[in-house]
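To start, the structure under review is shown below, and the notes come after it.
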Amino acid sequence: ATAATTSTTVSTVTTTTTPDKQTNHLPNIKILATGGTIAGSSSVNTDTTGYKAGALGVETLINAVPEMKSIANVSGEQVVNVGSPDVNNEILLKLAKRTNELLARDDVDGIVITHGTDTLEETAYFLNLVVKSDKPVVVVGSMRPATAISADGPFNLYNAVKVAGASASKGQGVLVLLNDRIGAARYITKTNTTAVDTFKSVEQGYLGAVVGDQVYYYNKSTHKHTISSVFDISNLTQLPQVDILYEYQNNGRYLYDAAVAAGAKGIVVAGSGNGSLSKTSSEGAEAAGKKGVIIARSTRVGSGVVSPSTKDAASNFVSTDSLNPQKARILLMLALTQTHDVNQIQSFFNEY
Ligand SMILES: NC(=O)C[C@H](N)C(=O)O
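Just so we're aligned: 368 in UniProt numbering is position 337 of the sequence shown, and the numbers increase by one with no gaps anywhere.
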């Protein structure tokens with residue numbers, strides 16, 4: 032049903048500025064727009080829930096922040112214009128390929144991607160694993176539509192361009208910028224349905240912050256990303272089907288059977304607690320495992336590590352470290368493009 036959204040043509044908008052006289056060089060930053068609330072619009076300026084996401088084009092977003100001209104040569108491309116629940120594998124591949132094409136050019140110093148916040152962490156983590164450059168890539172969104180009083184999008188976009196143009200952002204992996212905080216794609220997650228301070232890195236902390244026009248870094252991601260990643264999507268036109276099943280009391284195994292029948296090559300379980308499955312789920316998961324499906328044990332808890340079990344590999348199970356289910360799905364799809372070996376896939380979950 033979402034296929035039509037991916038046929039949106041790529042259009043280019045450029046806002047070039049005269050180089051700053053003092054530094055004589057402004058970074059060249061490309062903005063790839065995909066939609067979301069940052070491009071959201073409503074006829075009522077107090078509407079923060081009923082607006083249309085993905086309504087405004089990249090040109091409108093750039094024109095709303097002319098202040099960017101003093102910190103970067105900014106140009107934009109519209110990749111798609113959707114609410115982020117409709118970002119699918121086809122869009123991920125299209126966006127990643129375009130990002131890599133642009134980063135290979137000498138006249139591009141960094142990329143900013145505007146994106147809806149609902150699935151922003153999935154796209155950011157996907158790019159973190161498949162971008163083949165150490166140039167900065169910053170994913171940005173907003174919680175209030177562009178038409179709202181105190182819209183957070185324009186300042187978030189300004190800060191994202193600032194971060195993408197900062198030399199300290201090189202080699203940090205894909206970054207997420209909202210609410211003045213710089214997060215690592217590997218660690219950050221959406222924690223609140225509507226609040227402006229929704230993106231948090233509960234256990235690992237933020238990598239840095241933007242304060243008063245300065246970019247500050249405090250931490251580094253300890254996980255492999257970008258140029259140290261083995262994952263390569265340049266020749267892929269699709270990704271393996273990986274589904275997520277939620278653990279709850281009184282669940283049945285039929286959802287596992289249905290996922291396998293529908294062609295799933297991997298199943299991520301949003302397990303209870305430390306990646307636990309009920310007896311019924313275990314039966315479904317083990318039957319799937321016997322058919323070669325990889326079962327990744329994550330957790331529905333929201334933070335913490337799912338620790339490995341010595342019994343995992345025999346059932347074709349892996350544990351997902353501190354990856355939440357939606358990010359575990361991203362890594363499992365990419366892992367399955369390389370191997371079906373359960374031990375090697377477990378190593379990927381330990382390293383990425
Ligand atoms: N704040 C947002 O961007 C939410 C919106 N529903 C989206 O993800 O596209």
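Glycine included, each C-beta is placed from N, C-alpha and C at the ideal position.
I want to know whether the segment 220-229 touches the segment 191-207 - three or more CB-CB distances under 8 Å. At 8 Å Cβ cutoff, the stretches do not touch.
Report yes if the C-beta distance between Leu188 and Ile102 is below 9 Å; otherwise report no. In the sequence shown, residue 188 corresponds to position 157, counting from 1. In the sequence shown, residue 102 corresponds to position 71, counting from 1. No.
Contact set, ligand 1 heavy atom to C-beta under 6 Å: Gly67, Thr68, Ala84, Gly114, Ser115, Gly147, Thr148, Asp149, Gly172, Met174
If you count every other CB in all the chains shown that lies within 10 Å of the CB of Ser312, and 16 or more means buried, which is it? Locating residue 312 in the sequence shown gives position 281, counting from the first residue. It counts as buried.
Assigned secondary structure, Gly141 (DSSP; H/G/I helix, E/B strand, else coil): Position 110 of the sequence shown, counting from 1, holds the residue named residue 141. Looking at Gly141 - three-state DSSP - the assignment turns out to be strand.
Using alpha carbons as the reference points, say which of His56, Lys321, Asp165, Ser346 lies closest to Ile258. Translated into the one-based positions of the sequence shown, residue 258 becomes position 227. In terms of Cα proximity to Ile258, the closest of His56, Lys321, Asp165, Ser346 is Asp165.
Less than 9 Å separating the beta-carbons of Thr148 and Ser173? Taking the first residue of the sequence shown as 1, we reach residue 148 at position 117. Taking the first residue of the sequence shown as 1, we reach residue 173 at position 142. Going by C-beta atoms, Thr148 is nearer than 9 Å to Ser173.
Ordered along the chain, which non-local residues of its own chain (more than five positions away) have a Cβ less than 6 Å from that of Ser73? What you label residue 73 is simply residue 42 of the sequence shown in a count that begins at 1. The beta carbon of Ser73 sits closer than 6 Å to those of Tyr82, Pro176, Thr178, all from its chain and outside the five residues before and after it, given in chain order.
When burial is assigned at 16 or more other CB atoms within 10 Å of the CB, is Asp352 buried or exposed? If you number the sequence shown from 1, residue 352 lands on position 321. Buried, by the Cβ-count rule.
According to DSSP, is Ser378 part of a helix, a strand, or is it coil? The count along the sequence shown starts at 1 and reaches residue 378 at position 347. It is helical.
Cutoff 7 Å; reference Val89; Cβ partners in own chain excluding five residues on either side: Position 58 of the sequence shown, counted from the start, is the residue given in the question as residue 89. Once the five neighbours on either side are set aside, the close Cβ partners of Val89 are Val44, Ile62, Ala64, Gly107, Glu108, Gln109.
Other residues of its chain near Pro356: CB distance less than 7 Å, five sequence neighbours each side excluded: Here residue 356 refers to the residue found at position 325 of the sequence shown. Only Ile275, Val299, Ala301, Ser329 meet the Cβ criterion.
What is the DSSP secondary structure of Glu278, counted as helix, strand or coil? In the sequence shown, residue 278 corresponds to position 247, counting from 1. Glu278: coil per DSSP, three-state reduction.
Reduced DSSP secondary structure (H/G/I, E/B, other) of Thr48: For the purposes of this step, residue 48 is identified with residue 17 of the sequence shown, where counting begins at 1. With a pLDDT of 36 at Thr48, under the threshold of 50, the predicted position of this residue should be treated as unreliable, though the coordinate-derived value follows. Thr48: coil per DSSP, three-state reduction.
Give a yes or no on contact between the segment 335-350 and the segment 237-245, applying the rule of three or more CB pairs nearer than 8 Å. no
With three or more C-beta pairs closer than 8 Å as the rule, is the segment 246-257 touching the segment 150-166? yes
Identity of the residue in Thr79, Asn266, Gly66, Glu317 nearest Val171 by Cα: Here residue 171 refers to the residue found at position 140 when the sequence shown is read from its first residue. Ranking the options by Cα distance to Val171, first place goes to Gly66.
Grab the span of the beta strand (DSSP E) containing Tyr248 for me, first residue to last. On the sequence shown, position 217 is the one that residue 248 refers to. Per DSSP, Tyr248 belongs to the beta strand (DSSP E) from 245-248.
Tell me which residue opens and which closes the beta strand (DSSP E) that Ile361 is part of. In the sequence shown, counting from the first residue as 1, residue 361 sits at position 330. Where Ile361 is concerned, there is no enclosing beta strand (DSSP E), although the alpha helix (DSSP H) it sits in stretches over 356-367.
What is the rounded straight-line gap between the Cα of Gln269 and the Cα of Leu209? As a position in the sequence shown, residue 269 is number 238, starting the count at 1. As a position in the sequence shown, residue 209 is number 178, starting the count at 1. Cα to Cα, the separation comes out at about 30 Å.
Leaving out five residues before and five after Ile185 in sequence, what residues of the same chain have Cβ atoms less than 7 Å from its Cβ? Walking along the sequence shown from the start, residue 185 turns up at place 154. For clarity, residue 185 is Pro in the given sequence; the question names Ile instead. Around Pro185: Ala95, Val96.
With 16 other CB atoms within 10 Å as the buried threshold, where does Ala289 fall? Counting from 1 along the sequence shown, the entry for residue 289 is found at position 258. Ala289 sits exposed, since fewer than 16 C-beta atoms from the chains shown fall within 10 Å of its C-beta.
If contacts are defined as beta-carbon pairs under 8 Å, then Ile60 and Val113 qualify, I think. What distance do you get, rounded to the angstrom? As a position in the sequence shown, residue 60 is number 29, starting the count at 1. As a position in the sequence shown, residue 113 is number 82, starting the count at 1. Not a contact, Cβ separation roughly 23 Å.
Please classify Phe157: does DSSP put it in a helix, a strand, or coil? By 1-based counting over the sequence shown, the position of residue 157 is 126. Here Phe157 carries a helix assignment [DSSP, helix/strand/coil].
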